[in-house]
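J.: To convert, take the position in the sequence shown, counting from 1, and add 7; that gives my numbering.
For glycine and all other residues, C-beta sits at the position ideal for the given N, C-alpha and C.
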Amino acid sequence: MAKNLLIVESPAKAKTINKYLGKDFTVLASYGHVRDLVPKEGAVDPEHGFAMRYETIEKNEKHVDAIARAAKAADHLYLATDPDREGEAISWHIAEILKERDLLKDKSLQRVVFTEITPRAIREAMQQPRSIASNLVDAQQARRALDYLVGFNLSPVLWRKIKAGLSAGRVQSPALRMIVEREEEIEAFQAREYWTVEAECAHPGQAFTAKLVKLDGQKFEQFTLTDGASAEAARLRIQQAAGGRLHVTDVASKERKRRPAPPFTTSTLQQEAARKLGFTTRKTMQVAQKLYEGVALGEEGTVGLISYMRTDSVNLSQDALAEIRDVIARDYGTAALPDKPNFYQTKSKNAQEAHEAIRPTSALRTPAQVARYLGEDERKLYELIWKRAVASQMIPATLNTVTVELAAGSQHAFRASGTTVVVPGFLAVYEEGKDGKGKDDEDEGRKLPLMKPGEDVPLERIHADQHFTQPPPRFTEASLVKALEEYGIGRPSTYAAIIQTLLGKQYAVLEGRAFKPTDIGRAVSKFLSSHFSKYVDYDFTANLEDELDAVSRGEEDWIPLMEKFWGPFKALVDDKKASLDKADAGSVRVLGTDPASGRPVSARIGKFGPLVQIGTVEDEEKPRFASLRPGQSIYSISLQEALKLFEMPRLLGVDANGEEVSVGIGRFGPFARRGSTYASLKKEDDPYTIDLARAVFLIEEKEEIARNRVIKEWPGHAVQVLNGRFGPYISDGKLNGKIPKDREPSSLSLEEALALLEETGKPARKGFAAKKAPARKAAAKKAVAGEPAVKKVAKKVAKKTAAKKAVAKKAPAKKAARPLSGDREPAKPLLTAAKVAPGKKRVVKPAAREDAPF
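#1: Below 8 Å, can you find three or more Cβ-Cβ pairs linking the stretch 692-709 to the stretch 657-668?
#2: Rounded C-beta distance between L598 and L646? I'm assuming under 8 Å.
#3: Opposite G673 in the DSSP bridges: which residues?
#4: Could you tell me which whole alpha helix (DSSP H) segments of length 4 or greater appear in the stretch 695-761?
#5: Heavy atom of the ligand SAM less than 7 Å from the Cβ of E390, yes or no?
#6: Run through the stretch 99-172 for me and flag every whole alpha helix (DSSP H) of 4 or more residues, listed as ranges in chain order.
#7: On the CB-based measure, 16 or more other CB atoms within 10 Å of its CB, does T256 come out buried or exposed?
#8: Measuring alpha carbon to alpha carbon, tell me which residue in S424, D463, V430 and T476 is nearest R453.
#9: Is F534 closer than 8 Å to I169 when the C-beta atoms are compared?
#10: Is H362 helix, strand or coil when you go by DSSP?
#11: With H, G and I counted as helix, E and B as strand and the rest as coil, what does DSSP make of N322?
#12: Just the C-alpha distance for K47 and A503, rounded to the nearest angstrom, thanks.
#13: Note down, in chain order, each residue of its chain lying with its Cβ closer than 7 Å to the Cβ of Q247, except the 5 sequence neighbours on either side.
#14: Straight-line CA distance for T508 to T501?
#15: State whether the stretch 505-522 contacts the stretch 171-184, with contact taken as three or more CB pairs (one from each stretch) at a distance under 8 Å.
#16: Under a three-way DSSP split, which group does S260 fall into?
#17: To the nearest angstrom, how far is it from the Cα of D43 to the Cα of E62?
#18: Taking Cβ positions, are N730 and R750 nearer each other than 8 Å?
#19: Could you check if P575 is buried or exposed, using at least 16 other CB atoms within 10 Å of its CB as the buried criterion?
#20: Please name the residue, chosen from D333, T273 and P403, that lies closest to M316 on a Cα-to-Cα basis.
#21: Would you mind giving the Cβ-Cβ distance between M401 and V436, rounded to the nearest angstrom? I have them listed as a contact below 8 Å.
#22: Mind reading off the beta-carbon distance from L298 to S559? Whole number of angstroms is fine, and I expect it under 8 Å.
#23: Looking only at its chain, what residues have a beta carbon closer than 6 Å to the beta carbon of R606, apart from the 5 residues adjacent to it on each side?
#24: Tell me the DSSP secondary structure of D581 in three-state form.
#25: DSSP three-state call for S537: helix, strand or coil?
#26: In angstroms with no decimal places, state the Cα-to-Cα distance between G671 and L232.
#27: Rounded to the nearest angstrom, what separates V120 and Q477 at their Cα positions?
#28: Looking at C-alpha atoms only, which residue of R732, F733, G734 and E720 is the closest neighbour of L761?
#29: With H, G and I counted as helix, E and B as strand and the rest as coil, what does DSSP make of H210?
#30: Where does the unbroken beta strand (DSSP E) through K221 begin, and where does it stop?
#31: Which runs of the beta strand (DSSP E) spanning at least 3 residues fall entirely within the stretch 251-315, listed in chain order?
#32: Report the residue from A149, N550, R177 and T410 whose alpha carbon sits nearest the alpha carbon of T427.
#33: For a minimum of 4 consecutive residues, which ranges assigned as the alpha helix (DSSP H) are wholly contained in the stretch 496-581?
#34: Sorted by chain position, which residues of the same chain lie with C-beta nearer than 7 Å to H724's C-beta, five sequence neighbours on each side aside?
#35: Is the number of C-beta pairs between the stretch 341-349 and the stretch 116-131 that are closer than 8 Å three or more?
#36: Sort A414, E16, M655 and I313 by Cα distance to A217 and report the nearest one.
Laid out in C-alpha cells, this is it:
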C-alpha cells in the first residue's frame with residue numbers, strides 16, 4: 008500500500024490522477040458527499056447552537072470504508088475534492104469521519120486544490136497544500152442547515168393546508184414564484200391590434216423594403232393604426248402622395264464596434280448550451296463534468312479537456328491567455344489579435360473570483376483535433392467552450408450601419424436600414440446566442456443598394472399588415488437561469504437541481520422548452536406568497552445569499568446568521584399552523600351553482616390533485632368529484648366545462664349482442680368498457696365525443712389481441728408461451744423468460760420451457776402477468792349446451808378470485824383504483840411525492856455535486 012493517499016470526488020477523476028501521480032500514491036474517490044444530515048426532525052438543533060447531526064450516506068458507506076482502510080496504512084493524506092464550498096465541505100466531512108475512527112494520529116492531512124485535471128495543474132497543486140478552509144465549510148453548513156429548517160418546517164404546513172407530499176425550499180420556492188407570476192401575466196394579458204405599413208422598393212441595384220416612420224406629418228408609432236379600415240385608408244393616402252416612387256432625403260452611415268462576450272461561467276454556459284444545443288441545465292453539467300474529469304486522447308492518455316465547470320468568474324490565467332493568443336495568431340492571423348489581452352468583470356456581485364472561467368485546458372487542442380475521441384454531446388459542448396474562450400480574446404467586430412430616409416410626398420416618410428460586417432474580428436469564431444430577435448438583428452446582414460440624397464427610387468407597392476401584441480414569453484431553462492442569476496437567487500451550481508426539483512415535484516411541466524406551472528405548483532406558490540411572503544421574496548433570498556457569501560469570506564459568523572433567520576421564521580410557521588383553515592390554502596375557486604342540484608360547484612386541489620366538486624363537506628349529501636381533463640386548470644376552468652366532467656362514466660349504447668358499452672376515465676386514462684373488457688382509448692379519441700362504433704372497435708381489437716396472445720400452453724401447468732409487446736416469451740405469471748431467437752416458440756416442450764424459465768426468468772411486471780384469453784362467446788355457447796367443462800372453468804375462476812381476495816386482505820395498502828367521477832375523490836396519480844411524517848426515517852438521496860434545494 009502506498010504511503011500517500013489522495014482523495015477526490017469521482018472515480019473517473021481518481022483514475023486519471025492516479026496515472027499522473029504514479030505508484031507512490033493511492034487515489035480513491037468519495038463518490039460525492041459522504042455524510043448528510045439525519046433525515047428526521049432534530050438533525051439541526053436551534054436550541055444548542057444549531058448543532059448538526061450527520062450520518063454516513065448509505066450508498067457511500069463502502070467507499071468511506073475503503074478510504075478508512077487506505078488511510079490506516081498511509082502516512083500522508085491529501086484531500087483533493089472539488090475547489091468550491093461543496094468540495095471543501097466534503098473534505099471536512101471525510102476528515103471528521105477519519106478523526107472519529109482515530110485514523111489521523113501521527114499522520115499529516117492536507118488540502119490540495121486544482122481547477123483543471125492536467126499533469127501540470129496536479130503537480131502545482133501538490134506543491135501548494137493548505138489546511139481545510141473553515142470559512143467555506145461554515146458557509147456550506149449554514150446553507151444546508153437553512154435548507155433543512157425551511158424544508159422540515161414549511162413542508163408539513165403545505166401537507167396540512169393543501170396536499171400531502173408537497174415540499175417547499177428556500178431557493179426552489181422563489182424560482183417557482185417566478186414561473187407562476189409569469190403565467191399570471193400571460194393570462195391577464197389582453198392583446199392589442201396594430202398595423203404596420205411597408206414599402207417595397209424596386210431599386211435597379213437591389214430590391215429592398217422600408218418601414219413607415221411618418222404619417223400625415225406625425226411620427227408613426229406602434230398604435231397609430233389600430234384597425235383595418237384606418238390602415239387601408241392610410242395606405243391609399245401614402246400611395247397617392249408617392250406617385251409611384253420614393254424620394255431619398257438622407258443617407259447616414261455609422262460604424263460601431265461589438266465586443267466579444269466573456270468566457271463562460273456556469274450560468275452563461277447553461278444558458279448558451281440551452282439556446283444553441285438544446286441541452287437542459289442538468290445535461291450541460293453532466294457533459295461538462297465528463298470533459299473536466301478527463302477523456303482518453305489516444306497516445307496522450309487521459310486528460311481533462313476543460314477547467315472546473317462550477318464558477319462565476321470570467322478571469323483567465325496568464326498561461327491560458329498566452330496560449331489562446333498564440334492560437335489566434337496561428338489560425339486567424341495577427342490582425343485578429345488585440346494589442347493586449349481582453350479582461351472582463353463579472354456581473355455577479357457574489358462571484359468567487361479565485362476560480363477561472365470555464366475554458367479549454369489547452370487551446371492548442373482544437374475541437375477538430377479531439378472530435379474523434381468524444382461522443383456527440385461532448386464534442387458539441389467542448390466546441391462551444393473552446394470557441395467562446397478563443398473569441399473572448401479577439402478584436403471587436405466592426406459593423407457598418409446604413410440608414411436611408413425616403414419621403415412619399417411631403418407628409419409621409421419611410422426608413423430602411425442595413426448592417427454589414429466590415430471587419431469580422433471575433434465573429435469569425437463565435438457569436439453569442441440570443442433569446443429573441445431585436446431591431447439590430449433584423450438589419451444585420453442586410454445590404455442596401457448604393458443611394459444618395461435627391462435620388463428617386465421606384466415604388467413597386469405599399470402594403471399594410473395586421474399584428475397583435477404578444478404576451479411575455481414563458482421562461483425557458485436559459486431565461487430562468489438568467490433571471491435567477493440577475494436576482495442573485497441561489498448559486499450557479501444549484502440551478503440544475505432547482506429545475507429538477509420543480510419538474511420532479513410536478514410543480515411545473517415543460518411545454519416544448521418552456522415552463523408552465525401546474526395547478527399544484529400554482530397552489531403552493533400562491534399559498535407561500537400569501538402567508539410566507541418574506542421567505543419567497545426575491546430580495547430577501549438574494550440578501551441571504553450575500554450573507555452566506557460573507558460567511559465564506561470570514562466576514563460574518565454563521566451562528567448569528569442562523570439565529571437571525573430562525574427566530575422570526577419559526578414564530579411565523581407556528582402561527583400559521585395554529586391559525587390557518589384548509590380553505591385558507593388559496594386553492595379553492597368557486598365556479599357557480601349546479602343547475603340540477605342547486606349545490607355550489609368549485610375547483611380545488613384535492614387529496615389526489617386538481618379536481619372539480621359539486622357540494623361541500625357540510626352538506627347532508629356527499630360531495631361529488633371529477634378529475635380535470637389534460638390541459639384544464641382549476642384557475643381557468645368554466646362552470647360549463649366543470650359540469651361536463653360529471654358526465655362520466657357515459658353510456659354509449661348496446662352492441663349487436665345486446666351488451667352495454669360505456670366510456671369512462673380511470674386511473675390510467677380514458678377507456679371503453681363492455682362487460683369485463685376494458686380497452687384504453689387512443690390519443691386521438693375523446694371520451695366526451697367518441698361514438699359506439701369506435702368504442703366497440705377498440706374493445707374487439709383488445710379481445711383479438713388477447714385471443715392471439717397464447718402461443719402454447721400445457722393443461723395443469725401455469726407455464727405458457729405468449730406473444731408479448733417485444734416478441735414471444737415464456738411466463739408462469741410470476742417469472743418471464745426469454746426464448747432463443749433460433750427457436751420456434753410453438754415447438755417448445757414443457758421441459759424446455761421450464762428450463763428456459765429457470766435459466767432466464769425475471770420477475771413479471773405487475774399488470775403484465777399471463778392471463779387466459781377471454782372466450783366470451785364460446786363460454787356462452789357451452790353454458791347453453793350445459794357442458795361440464797364450464798363448471799371446471801367456473802371453479803378455477805372462483806379459486807383464483809378467492810385467492811386474489813385473500814391476498815388483497817393481507818395487503819390493504821393496495822387499493823382498487825377509484826372512479827374519476829362520482830362521490831369520491833379521484834384516484835391517486837401513479838407518481839406522487841411521498842409524505843414523510845415528522846420523526847420517520849426516509850431514504851436520503853442528496854445531489855451528487857449540487858446544493859440540494861430540498
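T.: Taking the structure as given:
#1: The stretch 692-709, when compared against the stretch 657-668, does touch it at the 8 Å Cβ threshold.
#2: Right, their Cβ atoms sit about 4 Å apart.
#3: Beta-bridge annotation (DSSP): G673 is paired with G676.
#4: Whole alpha helix (DSSP H) segments, 4+ residues: 699-714.
#5: Judged by which ligands are present, the structure shown has none, so any question about the ligand SAM falls away.
#6: DSSP runs (the alpha helix (DSSP H)) wholly in the stretch 99-172: 126-133 and 141-168.
#7: It counts as exposed.
#8: Comparing Cα positions, the closest option is S424.
#9: The criterion of a C-beta distance shorter than 8 Å is satisfied by I169 and F534.
#10: The three-state reading of DSSP puts H362 in coil, since its state is none of H, G, I, E or B.
#11: The answer is coil: DSSP assigns N322 none of H, G, I, E or B.
#12: The alpha-carbon atoms of K47 and A503 are separated by roughly 25 Å.
#13: Counting only residues of its own chain and dropping the five nearest sequence neighbours on each side, Q247 has no CB closer than 7 Å to any other CB.
#14: If you draw a straight line from the Cα of T508 to the Cα of T501, it comes to about 11 Å.
#15: Three or more beta-carbon pairs drawn from the stretch 505-522 and the stretch 171-184 are found closer than 8 Å, and the two stretches are therefore classed as touching.
#16: Note: S260 maps to strand in three-state DSSP.
#17: When the Cα atoms are used, D43 and E62 turn out to be separated by approximately 6 Å.
#18: A distance of 8 Å or more separates the beta carbons of N730 and R750.
#19: Exposed, since its Cβ has fewer than 16 Cβ neighbours within 10 Å.
#20: Closest option to M316, Cα to Cα, is T273.
#21: Between V436 and M401 the Cβ distance is about 7 Å, and since that is below 8 Å, they are a contact.
#22: Not quite, the Cβ-Cβ distance comes to about 27 Å (not below 8 Å), so this is no contact.
#23: Excluding positions up to five away in sequence, the list reads I621 and G622.
#24: In this structure, D581 counts as helix in the three-state DSSP scheme.
#25: Of the three classes helix, strand and coil, the one that applies to S537 here is helix, per DSSP.
#26: Going from the Cα of G671 to the Cα of L232 covers about 51 Å.
#27: Our two residues, V120 and Q477, have alpha carbons roughly 50 Å apart in a direct line.
#28: When R732, F733, G734 and E720 are compared, the shortest CA-CA separation from L761 is found for E720.
#29: Coil.
#30: Here the beta strand (DSSP E) through K221 covers F215 to L222.
#31: The qualifying runs are 252-265.
#32: Of the residues A149, N550, R177 and T410, the one whose Cα lies closest to the Cα of T427 is T410.
#33: Counting whole runs of 4 or more residues, the stretch 496-581 contains the alpha helix (DSSP H) stretches 502-511, 526-538 and 545-559.
#34: L757.
#35: Under the three-pair Cβ rule at 8 Å, the stretch 341-349 does not count as touching the stretch 116-131.
#36: Ranking A414, E16, M655 and I313 by Cα distance to A217 puts A414 first.
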